[in-house]
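Input: a single structure, listed below in structure tokens.
Chains as they are written, first to last, in our numbering: chain A, 643 to 766; chain B, 242 to 377.
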């Protein structure tokens, strides 16, 4: 299987078909190469590696997104974290810990996003 | 919540110091000692809040907490001294060098390669000091 095909498979398993189908439908001539890159690189080359399980990769992803303030991506990856086996309580613990390292305002914004996503899914 | 209302400032500090010593070993204590003549209160707050409150919570395993911290320190950038302490801590709580390197590789996707490179070179220094090179 090519890195694109492997990446597409993991991306769908982690982010869900609905999200990936939306991203595919929204792809334009301008964004196609970027969609191809994230599928081959982030999903095909990194998320497919056996060295860490997906639950652990979700923990790392959540914290990197909070630390850099990427709140839209955070919403996506809170859903992914649930799919990868983190519980709502574990996501709460991760976000509490971000307050120490990224500051309380960053954690506050992250909690607002996670609360919205978890409430939509009926997890809180 | 694990913070009973009756808990004193000293209680939280004492619990934090116990957690800090267990997780970070000498590295953490050195940081606290080095603050004694400039800002002992910052040392107190690191111990009492980060370790006495957050790290002592039962909701995540120590191994998961160190991975979470490594991800943030890498993403924030400029936290190489803290990465040094927490890469040691990650090893102390049972993460392998391979898992630590894998976590930093993963972070490149979300924080960019320069930050992953900086963090990986801190890991190389720590692994070298502990006789853990080469990895793999």
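We treat Cβ as the ideally placed atom computed from N, Cα and C, and that holds for glycine. As the structure is a computational prediction, the values presented were derived from the model and not from experiment.
Under the Cβ criterion of 8 Å, residue 654/A is not counted among the residues facing chain B.
Contacts between residue 310/B and chain A, judged by CB atoms closer than 9 Å, involve 705, 739, 742, 743 in chain order.
Within a 10 Å sphere around the beta-carbon of residue 254/B sit 16 or more other beta-carbons, which makes this residue buried. Chain-ordered, the chain B residues with CB closer than 7 Å to the CB of residue 698/A read 308.
Nearest CB-CB separation between residue 340/B and chain A: below the 8 Å threshold. Pairing residue 307/B with residue 285/B gives a Cβ-Cβ distance that is not under 8 Å. Taking C-alpha positions only, residue 707/A is separated from residue 747/A by approximately 14 Å. Less than 8 Å divides the Cβ of residue 360/B from the Cβ of residue 324/B. Chain-order list of chain A residues neighbouring residue 317/B: 709, 710, 743, 744, by C-beta distance under 9 Å. When rounded, the separation of the alpha-carbon atoms in residue 738/A and residue 275/B is 27 Å. In chain order, 300 make up the part of chain B whose C-beta sits under 8 Å from the C-beta of residue 731/A. The beta carbon of residue 671/A lies closer than 7 Å to none in the same chain, with the five residues before and after it left out. Among the residues of chain A, those whose CB is under 8 Å from the CB of residue 291/B are 742, following chain order.
In the DSSP assignment, residue 720/A falls within the unbroken alpha helix (DSSP H) covering 713-725. Under a criterion of Cβ atoms nearer than 7 Å, no residue of chain B is adjacent to residue 714/A; the nearest Cβ is some 13 Å distant.
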